[in-house]
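Trainee: Let me give you the structure first, and then I'll get to my questions.
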Amino acid sequence: MVRRWAATGPLLLVLAGCSSESGNDSPRAITGEDTVPPVPSEAAPSLPRPELHPGMPGLLNDAELEALAAARRDGLANIEDLPEFGFGEAASPERIAAWDIDIGPDGEGLPPGSGSVERGETLYRLQCVQCHGARGEGSQFEALAGRVPGDRFPFSEDRRYRITVGSYWPYATTLFDYIRRAMPQAAPGSLPPDDVYALTAFILQLNGLLGPGDFLDAESLPRIQMPARDRFVRDDRRGGPEVR
Amino acid sequence: MAKKRENGGLPSRRELLAGALGTAAVGAGAVAGAQQGDAPQPRPRAPEDPTKMQGLVPRPLGERSAFETPRRLVRVLEPSSSSRTPLQYLQGIVTPADLHFERHHAGIPNIDPERYELLIHGMVERPQTFTLADLKRFPAESKLRFLECSGNGGTAFQNRGRFPNLSPQEMDGLTSTSEWTGVPLKLLFREVGARPEATWFLAEAMDAAVMTRSVPMEKAWDDAIVAYAQNGEPLRPEQGYPARLFLPGWEGNASIKWLRRLKLSDRPFMTREETSKYTDPLPGEKARMFSFTMDAKSLITFPTFPERLGGPGWWEIRGIAWTGRGRITRVEISTDGGDTWEDAELQDPVLPKCHVRFRKLWNWTGRSAILMSRATDESGYVQPTRAALLEARGAYTRYHYNQIRSWRVEPDGQVFFAG
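So the protein lines, in turn, are chains A and B. Quick note: the first sequence uses our numbering, first residue 1, plus one each step. Quick note: the second sequence uses our numbering, first residue 1001, plus one each step.
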């Protein structure tokens, strides 16, 4: 059950570039740097954390930070008469590492390892086809592949297009996170990182977001810009008479 | 008095339904049973005169009268499945725990409470684990609060008029109210030394989906709890046993069940549930993300499909209303399709972020009528028409379907969903 790859501490960076020698003929390849990242001089404690894109919903502006600070003050004031109880036990780094499997939109938490589109296709045929269809078109369960022409996002008014990884998912890191924690259905959480990278790569390739010769690792995965990344906005409903 | 009237009408309806569905159950509970392939049960027997024989002795565990067979309406699409509360069967505001709706994505995990641990880490001074006994040792908080799936009502919104045979259970059965008991999350966060720069936390389940949602820290400092009891007893397995996150007034999916981990961070985690699901497409080719709060909503639960009013005269229109933004302040009823509205009575208690029961006496003339209810909450928000929601969000938006519902009463007393 212990997912060692999630452990903090000295990790070896696996330095595989995302673009391979086979060239990249996908309609929308990885954005950002197309070059192999520089080799660090020594093993790093963790991967450098890429920048979050500034429009990402959930990044708080100054007013929101102030409101949060006020909520924190109020919340703590509300319990200030209560003693500090000291219940519970300190969690060791190993204890935390055993469960700390989440992957951030900045790639934080991605384990070492890599996987190719090609290997992903093989794994997909064995583990995923039955529920998601031969080319991610969906079967017993939801479709994984498909884009809307022009990468439009007409979902509120047009039901001809399906919500898929390529048409709707804003972050490629989510795919890795979800496959690792919940798939495949018959053996959830059983796939090692290399397999998860490979399946993520193949599903992105089905969506035209990687080429057939490409592969993914902790460096390249968070750099993939998904077509729908900038389609999401924060909740603007605030109560009151206006219907939003 | 009102109760007497309704009871007076019940036997004929019950017999009608029993005849139609081959069971003694009332309402969509029977529909659920039939859909689940339950064999028709003969009507239970009772003595002619119960005063002439001794009754049953006490039992260690109570059960319903054999004449009452409410059922959740189960939809199984393995591994993602749900069951719906028979809202038309219930009175008052509390949902019996065994009728509370379910929604889960990878089945109900079987968790040994003695091995249960909650891990809190990330942007904290002291990462810690808490056993269930630890959680119960903290000062407790107990509140009556609703819990609603944000997809509730989608069938009614997107198939208006196409399915007149929708009961409240089928249409809106993904909402329930319980008394939830647990430890305030802010107490736990103070205990581990939550850092001021933490703006979000990840909540993670220990089911086979290892379900995750990102939650703003503000909710933790406000009214979030880690709940271990429901209506006075430990949580039901399907409600997150032995402990769950509970976020009052917010979409149910964010109240992570079978809670095993909370990780504090300075950005959301962008999990599958909060990106590819539980986001609301909007006009202008955008989608709303982190749309947590459930807006005001009301629903008539009597008279509704599959009821048949026994004849003209006095009937009490009944239903529930709720809002994630504090208290319901008003529920209005129309019996003429929205031309005129009159205030319904709100039955005590009227609690924040909780179902409230409303009632309105109605003298039915026996002519066709359209019944509607419209809730207002303390923020001044008024439950919108479907047209207003369509304009704001588009016809195929997903989640948060709180438009006014209507029911058509036919001259023969039969009631149908009318959009």
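For every residue, glycine included, the Cβ atom is placed at its ideal position computed from N, Cα and C.
Step through the CB atoms of chain A and report whether any lies within less than 7 Å of the CB of Gln1128/B.
Mentor: With 7 Å as the cut-off, Gln1128/B counts as an interface residue toward chain A.
Trainee: Within the 7 Å Cβ cut-off, does Tyr1396/B reach chain A?
Mentor: At least one chain A Cβ lies under 7 Å of Tyr1396/B.
Trainee: Do the CB positions of Arg1145/B and Pro1248/B come within less than 7 Å of each other?
Mentor: Against a cut-off of 7 Å, the Cβ pair of Pro1248/B and Arg1145/B comes out as a contact.
Trainee: For the region 1347-1361 of chain B, which residues have a CB atom closer than 8 Å to at least one CB atom of chain A, in sequence order?
Mentor: Per Cβ criterion, the list is empty.
Trainee: Using a Cβ-Cβ cut-off of less than 9 Å, list which residues of the region 1283-1315 of chain B approach chain A; keep chain order.
Mentor: The region 1283-1315 of chain B vs chain A, Cβ under 9 Å: Pro1283, Gly1284, Glu1285, Lys1286, Ala1287, Arg1288, Met1289, Phe1290, Ser1291, Phe1292, Thr1293, Asp1295 and Ala1296.
Trainee: Against chain A, does Leu1247/B count as a neighbour if the rule is that its beta carbon must be under 7 Å from one of theirs?
Mentor: It does not; no Cβ of chain A falls within 7 Å.
Trainee: Is there a C-beta anywhere in chain A that falls below 7 Å from the one on Asp1207/B?
Mentor: Output row for Asp1207/B: interface = no.
Trainee: What span of residues does the beta strand (DSSP E) with Glu1391/B cover, start to end?
Mentor: It is not in any beta strand (DSSP E) - Glu1391/B instead sits in the alpha helix (DSSP H) that spans Arg1386 to Arg1393.
Trainee: Opposite Asn1363/B in the DSSP bridges: which residues?
Mentor: Asn1363/B is bridged to Trp1314/B.
Trainee: Can you say whether Gly1419/B is buried or exposed, counting buried as having 16 or more other CB atoms within 10 angstroms of its CB?
Mentor: Buried, by the Cβ-count rule.
Trainee: Excluding five sequence neighbours on each side, which residues of the same chain lie with their C-beta closer than 6 Å to the C-beta of Glu1238/B?
Mentor: Contacts found: Glu1102 and Ile1108.
Trainee: Taking the beta carbon of Leu1363/B as the centre, do at least 16 other beta carbons fall within 10 Å, making it buried, or is it exposed?
Mentor: Looking at the sequence shown, residue 1363/B is not Leu but Asn. The residue in question, Asn1363/B, is exposed, as its Cβ has fewer than 16 Cβ neighbours within 10 Å.
Trainee: In chain order, which beta strand (DSSP E) runs of at least 3 residues are fully inside the region 1106-1136 of chain B?
Mentor: Listed in chain order, the complete beta strand (DSSP E) runs (minimum 3 residues) inside the region 1106-1136 of chain B are 1117-1122 and 1128-1131.
Trainee: Grab me the residues of Arg1126/B's own chain with a C-beta within less than 6 Å of its C-beta, minus the 5 sequence neighbours each way, in chain order.
Mentor: Correct list, in chain order: Val1192 and Gly1193.
Trainee: Do you know how far the Cα of Ser1214/B is from the Cα of Leu110/A?
Mentor: About 18 Å.
Trainee: When we look at the beta-carbon of Pro184/A and count the other beta-carbons within 10 Å, is it buried (16 or more) or exposed?
Mentor: Burial call: buried.
Trainee: Could you give the first and the last residue of the continuous beta strand (DSSP E) run that contains Lys1186/B?
Mentor: Where Lys1186/B is concerned, there is no enclosing beta strand (DSSP E), although the alpha helix (DSSP H) it sits in stretches over Leu1185 to Val1192.
Trainee: Given a limit of 9 Å on CB to CB distance, which residues of the region 1367-1384 of chain B reach chain A?
Mentor: Within the region 1367-1384 of chain B, the residues whose Cβ lies closer than 9 Å to some Cβ of chain A are Asp1377, Glu1378, Ser1379, Gly1380, Tyr1381, Val1382 and Pro1384, listed in chain order.
Trainee: What are the residues that DSSP puts in a beta bridge with Val1074/B?
Mentor: For Val1074/B, which the question treats as bridged, DSSP gives the partners Ser1083/B.
Trainee: Can you list the residues of chain B that Ile163/A reaches, using a CB-CB cut of under 8 Å?
Mentor: Going along chain B in sequence order, the residues near Ile163/A (Cβ under 8 Å) are Ser1276.
Trainee: Please list the terminal residues of the continuous beta strand (DSSP E) segment that includes Gln127/A.
Mentor: Gln127/A -> not in any beta strand (DSSP E); alpha helix (DSSP H) instead, spanning Val117 to Gln127.
Trainee: Kindly indicate which three-state DSSP category Val196/A falls into: helix, strand or coil?
Mentor: Residue state, collapsed to three classes: helix.
Trainee: I want to see whether chain A comes within less than 7 Å of Val1124/B, judged by CB atoms only; does it?
Mentor: For Val1124/B, the answer is no, since every Cβ of chain A falls outside 7 Å of its Cβ.
Trainee: Would Arg1244/B and Lys1263/B be called neighbours here (beta carbons separated by less than 7 Å)?
Mentor: Against a cut-off of 7 Å, the Cβ pair of Lys1263/B and Arg1244/B comes out as no contact.
Trainee: Report buried or exposed for Arg1045/B, applying the criterion of at least 16 other Cβ atoms within 10 angstroms of its Cβ.
Mentor: Looking at its Cβ environment, which holds fewer than 16 other Cβ atoms inside 10 Å, Arg1045/B is exposed.
Trainee: Who are Ile1300/B's beta bridge partners in DSSP?
Mentor: According to DSSP, which records beta bridges pairwise, Ile1300/B is partnered with Gly1319/B.
Trainee: Using the C-alpha atoms, what's the distance from Phe1201/B back to Thr1131/B?
Mentor: Roughly 20 Å between the two C-alpha positions.
Trainee: Counting Cβ pairs closer than 8 Å, one from the region 218-234 of chain A and one from the region 128-146 of chain A, do we hit at least three?
Mentor: Contact between the region 218-234 of chain A and the region 128-146 of chain A is absent, because fewer than three Cβ pairs lie under 8 Å.
Trainee: For Lys941/B, which residues of its own chain have a beta-carbon under 6 Å away from its beta-carbon, when the five flanking residues on both sides are left out?
Mentor: Within the shown structure, residues of chain B are numbered from 1001 to 1419, placing residue 941/B beyond reach of any answer.
Trainee: Does any CB atom of chain B fall closer than 7 Å to the CB of Phe153/A?
Mentor: For Phe153/A, the answer is yes, since a Cβ of chain B falls inside 7 Å of its Cβ.
Trainee: For the region 1094-1124 of chain B, list every residue whose C-beta sits within 7 Å of some C-beta in chain A, in sequence order.
Mentor: Those residues of the region 1094-1124 of chain B that come within reach of chain A (Cβ to Cβ, closer than 7 Å) are Ala1106, Leu1119 and His1121.
Trainee: Going by DSSP, name the residue or residues bridged to Glu1233/B.
Mentor: According to DSSP, Glu1233/B bridges with Gln1230/B.
Trainee: Pick from Arg1272/B, Arg1325/B, Arg1162/B and Pro1113/B: whose alpha carbon is nearest that of Met1289/B?
Mentor: Nearest C-alpha to Met1289/B: Arg1272/B.
Trainee: Can you tell which of Phe1416/B, Pro1283/B, Ala1208/B and Ala1066/B has its C-alpha closest to the C-alpha of Thr1304/B?
Mentor: If we check each option's Cα against that of Thr1304/B, Phe1416/B comes out closest.
Trainee: Which whole-angstrom value describes the C-beta separation of Ala1133/B and Val1183/B, a residue pair presumed to lie in contact below a C-beta threshold of 8 Å?
Mentor: That belief does not hold up - the Cβ atoms of Ala1133/B and Val1183/B are roughly 12 Å apart, past 8 Å.
Trainee: Would you mind reading off the limits of the alpha helix (DSSP H) that contains Leu76/A?
Mentor: Element bounds for Leu76/A: Asp62 to Asn78.
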